[in-house]
Amino acid sequence: MNKRLNIAMLFFLLSFCARAQQDTIFRLERTVKGDIIDFTVDNLDNIYILTSRNQVKKFNANGDSVAVYNDVKKNGQATLIDVSNPLKVLLYYRDFATVVMLDRFLNAVNSIDLRKQNIFQAKAIGQSYDNKIWVYDELENKLKKVDEDGKLLQETPDFRLLLGVALSPLKIFDENRYVYVYDSIQGVYVFDYFGGLKNNIMIDHWQNFKVAGKYIFGSRSDTLFRYEISTFRVDEWKMPAAILKSKAFNFSSTRLYALRKEKDGNESSILIYSIR
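First residue of the sequence shown? That's -1 in the working numbering, and the numbers climb one at a time after it.
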């Protein structure tokens, strides 16, 4: 009888510990408040905020404002901010197929009109390891690479012939010698720098998709995901109650960032959690 009781107690304690670890894996570090409609984070934990006035503001890891870009409305509404390289920030304006390059102080350095390369429809762009730009041309169904002047450097064959499907990528990441192309229905297609298909990771219907270091992060409903690329291990966590209704998430290798609308409706907050 005592032996059974001890075993039952052991299972209870193990279950309790598992729940406790689930609850305490996220630790709130700090909060950034302000006029925020979207944001992203680089690998140095700098935060880039897009405001309702179409400004881009940069905050360092300590929360100090360090730069502002005010000329956002020139090309309409920015639809993507790529900060893969903190020294070279890309703003993408999908409606005008235009990429604006900023330096680390958010000064405009150059702009590229992709339409001059006959790229008229592209939801996703991404910075390459050599500071060029990956673009997925949805009309031609090709992954293309262009330089700082918009000149076409290379392109893949038509993906309809290569893969048997037409992709509609939402995100492109260049990480650790591979290019990750994410289609929320078809999954993640992984290519080498010559356009050779290396893998198809069946991750679908994830929101807030991001490749950072050795992980792929994302969310769906009330669950956060972390996929370890080398081991195929997937960690799943229920979101902390405070961020269940967040508008957007972002990730670094050690932190979770959640954009939440405040109750008074005038401000939003970015809640920053460490991931243990």
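Positions of the beta carbon are idealized from the N, C-alpha and C atoms, including for glycine.
ask   = Taking the alpha-carbon positions, what's the Y180 to N197 distance?
value = 12 Å
request  = State whether the segment 197 to 210 contacts the segment 146 to 159, with contact taken as three or more CB pairs (one from each stretch) at a distance under 8 Å.
outcome  = no
key: Where the beta strand (DSSP E) containing L89 begins and where it ends   = 86 to 91
request  = Give the straight-line distance between the Cα atoms of N60 and F157, rounded to the nearest whole angstrom.
outcome  = A straight-line Cα-Cα distance of about 43 Å links N60 and F157.
ask   = Thinking C-alpha only, which one of A239, F189, P238, E173 is nearest I214?
value = E173
ask   = In its own chain, which residues sit with a C-beta less than 6 Å from the C-beta of I35, not counting the 5 before and 5 after it?
value = L48, S50
message = Could you tell me the alpha carbon to alpha carbon distance between V39 and S250, rounded to whole angstroms?
response = Cα to Cα, the separation comes out at about 7 Å.
query = What residues in its chain sit with their C-beta under 6 Å from that of R224, if we drop five residues either side in the sequence?
reply = Excluding residues up to 5 positions away in sequence, Y213, F215, D233 lie with their Cβ nearer than 6 Å to the Cβ of R224 in the same chain.
key: Endpoints, the alpha helix (DSSP H) within which L159 is located   = 157 to 160
key: Those residues which DSSP pairs with K142 across a bridge   = V133, E153
query = So what does L165 bridge to, in DSSP terms?
reply = DSSP, once it has assigned bridges, lists no residue as partnering L165.
query = Looking at the structure shown, is L26 part of a helix, part of a strand, or coil, going by DSSP?
reply = strand
message = Please report the straight-line C-alpha distance between S219 and N41, rounded to a whole angstrom.
response = 26 Å
ask   = Three-state secondary structure (DSSP) at F230?
value = coil
key: Buried or exposed by the 16-neighbour rule on C-beta atoms within 10 Å, applied to Q19   = Its pLDDT being 41, under 50, Q19 is placed unreliably by the model, and the measurement read from it follows with that caveat. Counting Cβ neighbours within 10 Å, Q19 comes out exposed, since fewer than 16 surround it.
key: Bounding residues of the beta strand (DSSP E) (the contiguous stretch that carries M99)   = 96 to 100
ask   = Do Y176 and V188 have their C-beta atoms within less than 7 Å of each other?
value = yes
key: First through last residue of the beta strand (DSSP E) which encompasses A256   = 253 to 259
query = For W132, which residues of its own chain have a beta-carbon under 7 Å away from its beta-carbon, when the five flanking residues on both sides are left out?
reply = I123, G124, S126, L141, K143, I170, D172, V177
query = Do you know how far the Cα of K31 is from the Cα of Y191?
reply = Taking the straight line from one Cα to the other gives about 40 Å.
request  = Check whether the Cβ atoms of R28 and I270 sit closer than 7 Å, and answer yes or no.
outcome  = yes
key: beta strand (DSSP E) segments (min. 3 residues) lying fully within the segment 52 to 76   = Listed in chain order, the complete beta strand (DSSP E) runs (minimum 3 residues) inside the segment 52 to 76 are 54 to 57, 63 to 67.
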